[in-house]
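Structure record follows, encoded as structure tokens.
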Amino acid sequence: MLKRVGKYILFIYSLFRNRETLITYVRRTIDEAILIGVNSLILVAIVSTFIGAVTTVQTANNLVSPFVPAFVISTVVRDMTVLELAPTITCIVLAGKVGSNIAGSLGTMRITEQIDALEVMGINASSYLVFPKIIAAMLMFPLLVIIAGFLSIYGGYLAGTLTNMITSEDYVYGIRLDFNRYNVIFALIKSVVFAYLISSISAYQGFYTKGGALEVGIASTTAVTNSCIAVLLADYVLAQLLM
Amino acid sequence: MIEIKNISKSFEGKTILENISGVFEKGKTNLIIGASGTGKSVLLKCIVGLIPPESGTVYYDGRDFTHADRDLKTEVRREIGMLFQGVALFDSMNVQDNVKFPLDILTEVPEAEKLDRVNFCLQRVGLENINRRMPAELSGGMKKRVGIARAIVNNSQYLFCDEPNSGLDPQTSILIDDLIKEITDELNITTIVVTHDMNSVIGIGDHILFLYKGHKLWEGSNNNILETDVKELRDFVFANKVMKKLS
Chain X
2 MLKRVGKYIL FIYSLFRNRE TLITYVRRTI DEAILIGVNS LILVAIVSTF IGAVTTVQTA
62 NNLVSPFVPA FVISTVVRDM TVLELAPTIT CIVLAGKVGS NIAGSLGTMR ITEQIDALEV
122 MGINASSYLV FPKIIAAMLM FPLLVIIAGF LSIYGGYLAG TLTNMITSED YVYGIRLDFN
182 RYNVIFALIK SVVFAYLISS ISAYQGFYTK GGALEVGIAS TTAVTNSCIA VLLADYVLAQ
242 LLM
Chain S
26 MIEIKNISKS FEGKTILENI SGVFEKGKTN LIIGASGTGK SVLLKCIVGL IPPESGTVYY
86 DGRDFTHADR DLKTEVRREI GMLFQGVALF DSMNVQDNVK FPLDILTEVP EAEKLDRVNF
146 CLQRVGLENI NRRMPAELSG GMKKRVGIAR AIVNNSQYLF CDEPNSGLDP QTSILIDDLI
206 KEITDELNIT TIVVTHDMNS VIGIGDHILF LYKGHKLWEG SNNNILETDV KELRDFVFAN
266 KVMKKLS
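Heads up: the sequence lines are chains X and S, in that order.
Each residue of the first sequence is one higher than the last, beginning at 2 in my numbering.
Each residue of the second sequence is one higher than the last, beginning at 26 in my numbering.
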């Protein structure tokens with residue numbers, strides 16, 4: 002375990018050595034941002050809208066007391082969305098999509114000698130391939146989390162109003178009630194940390210793949226598993242530190 | 026010229042290479058031959074620096090590559106072109122971008138000049154009008170030729186080919202061999218080819234180094250390989266029925 006942590010730290014260090022030109026990284030980062038961010042948009046939109054809707058329905062079903070006003074439903078949905086559902090669940094979903102993609106593509110490049118080809122050309126393969134992925138993830142994840150937050154709350158609105166569980170006015174009132182801006186900042190901090198963890202752990206798994214197609218599959222699975230564990234651990238640590 | 030001195034390498038206690046020395050001259054097609062598992066590819070990877078040797082030194086035109094600092098290593102590597110066994114073309118790029126890649130990363134020449142160079146190299150390897158095709162759309166022989174074009178696009182001084190004929194039919198194999206030989210002569214570069222194909226050995230082997238169980242057993246050329254007295258080399262050379270008839 003310690004050996005792997007040490008190897009991971011050396012891997013991260015290698016990203017900053019023997020770098021290519023800035024324009025190379027800018028181009029690569031834009032490409033990766035499209036792959037990581039834009040291509041994940043539909044998945045994030047679907048997941049977050051339904052999570053918001055389900056949260057509203059379940060909260061409404063559990064708040065049946067006549068002493069609890071209806072706007073509490075949307076207040077609960079808002080706080081759950083901003084604090085946990087948008088940043089954490091979205092990032093766990095992205096760990097599955099983006100993490101497996103990063104590990105799979107790097108693993109395939111490793112076993113088909115494409116990474117060796119870069120090294121032979123005198124290019125720092127880890128820096129050239131991985132650094133833009135990490136930067137792109139750290140830029141795109143917060144944007145995806147913001148979109149997920151909006152859509153989750155909107156999904157809740159649709160589910161609540163269309164089924165007459167809550168009126169439109171109550172929902173909006175609950176959303177605005179005692180709004181704490183820091184929660185949004187906290188969610189964005191979490192998304193940046195999660196982005197770093199998911200992209201770097203997945204890249205590490207893919208970059209050191211050995212063997213053939215079977216090992217690429219194993220690397221992808223390990224990348225997703227380790228990323229999810231890291232996200233949940235980081236979620237707890239950040240909650241302790243920043244809340 | 027590339028010189029290797031006493032290269033040794035082992036993996037998990039098992040010796041793969043032991044004290045291999047040799048000189049690979051400029052303008053010659055140098056072959057490293059031997060049966061599967063004798064350490065040919067490991068030796069090639071030690072020479073290009075993909076695997077660090079346990080002991081020994083590799084010199085590129087007198088420059089100590091093995092113990093060089095990062096800057097010198099990068100400088101030498103930028104003079105290297107390599108054709109990998111699986112070609113290692115970048116799947117996400119078309120043929121043109123694959124061949125242009127070393128120019129994009131390693132040089133600052135204008136785009137038009139880069140494209141001219143790419144087209145020249147593709148033409149040189151006998152491929153035209155395939156610039157927009159993806160690697161997955163190419164045959165094995167075409168991929169190898171694109172790989173060669175990429176290896177020479179940056180005016181490489183050293184060309185390495187790892188099993189350039191693997192997976193190819195005999196006619197395409199000869200075509201690839203001839204191409205490697207012609208390019209070596211034309212560009213006056215140092216070429217090292219790892220192979221176990223006897224057609225390549227006889228056809229293009231200006232200088233041949235025979236490995237057997239991690240040791241260098243014989244060194245010579247295609248002119249004298251058929252007259253060798255080394256039993257292991259004779260077994261290797263005449264394993265093929267056609268070659269056996271020649272013996």
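Don't be surprised by glycine CBs; every beta carbon is placed ideally from N, CA and C.
Between the alpha carbons of GLU207 (chain S) and LEU130 (chain X) lies a distance of about 34 Å. Assignment of ASN63 (chain X) by DSSP, reduced to helix, strand and coil, places it in the helix class. DSSP places SER46 (chain S) inside the beta strand (DSSP E), whose first and last residues are 39–49.
With respect to chain S, the C-beta atom of VAL217 (chain X) has no partner C-beta closer than 8 Å. Here ASN227 (chain X) is buried. Its C-beta has 16 or more other C-beta atoms within 10 Å. For LYS134 (chain X) and LEU144 (chain X), the gap between their C-alpha atoms comes out near 15 Å. Each residue's CA atom was taken as its position, placing VAL58 (chain X) and SER15 (chain X) some 49 Å apart. For the 8 Å CB-CB criterion, TYR84 (chain S) and GLU28 (chain S) form a contact.
Contact between GLY213 (chain X) and ILE112 (chain X) holds: CB atoms are separated by about 6 Å, below the 8 Å threshold. Using a Cβ-Cβ cut-off of 8 Å, ALA113 (chain S) counts as an interface residue toward chain X, since at least one Cβ of chain X sits closer than that to its own. Among the residues facing chain S, ALA214 (chain X) is not included, as its CB has no counterpart in that chain under 8 Å away. Nearest Cα to ARG79 (chain X) within the set X:LEU243, X:ALA104 and X:SER153: X:SER153.
Per DSSP, GLU244 (chain S) lies in no alpha helix (DSSP H); the unbroken beta strand (DSSP E) holding it starts and ends at 240–245.
By the neighbour-count criterion, in which a residue is buried when 16 or more other Cβ atoms sit within 10 angstroms of its Cβ, ASN154 (chain S) is exposed. When 8 Å is used as the limit between beta carbons, THR30 (chain X) is near no residue of chain S, the shortest such separation being about 15 Å.
Against ARG95 (chain S), the close residues of chain X are ARG18 and ASN19, in the order they occur along the chain (beta-carbon pairs closer than 9 Å). For ASN227 (chain X), the uninterrupted alpha helix (DSSP H) segment begins and ends at 214–243. Per the C-alpha coordinates, the member of S:GLY192, S:GLY166, S:SER164 and S:VAL171 positioned closest to ASN156 (chain S) is S:VAL171. Per DSSP, the beta-bridge partners of VAL219 (chain S) are S:ILE57 and S:ASP187.
In terms of beta-carbon proximity, GLN206 (chain X) stays away from the interface with chain S, with every pair separated by 8 Å or more. Listed as beta-bridge partners of GLU257 (chain S) by DSSP are no residues whatsoever. THR215 (chain S) has a beta carbon lying at 8 Å or more from every beta carbon in chain X. In the displayed model, GLY166 (chain S) falls within a helix according to three-state DSSP.
Interface annotation, PHE49 (chain S): not in contact with chain X, CB-CB separation never under 8 Å. Relative to LYS8 (chain X), the option among X:VAL238, X:TYR209 and X:GLN241 whose CA is nearest is X:TYR209.
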